[in-house]
Amino acid sequence: MFLYVLLLFCLQKYSKVSIFAIILSENIDLKHKKDDDSK
Numbered sequence: 000m001f002l003y004v005l006l007l008f009c010l011q012k013y014s015k016v017s018i019f020a021i022i023l024s025e026n027i028d029l030k031h032k033k034d035d036d037s038k
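Quick note on numbering: numbering that gives the first Met the number 0 labels position 13 of the sequence shown as 12, and the sequence is numbered without any gaps.
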């Protein structure tokens, strides 16, 4: 939850950067899930 609040805080200051970071983190999570499935 703390990280989510931190992202919201970043959104207010650096909206474009934070949105890019969220998209990037989601892509990383998807990659990790695929790696887990392959194992």
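Positions of the beta carbon are idealized from the N, C-alpha and C atoms, including for glycine.
Bear in mind that the values here come from a model prediction, so they are computed numbers and not experimental data.
Between the CA atoms of residue j and residue i - distance to the nearest angstrom
i, j, result
"Ile18", "Leu10", "7 Å"
"Lys32", "Glu25", "11 Å"
"Phe1", "Lys30", "23 Å"
"Val16", "Tyr3", "15 Å"
Short Cβ contact (8 Å threshold) for residue i with residue j
i, j, result
"Ile22", "Leu6", "no"
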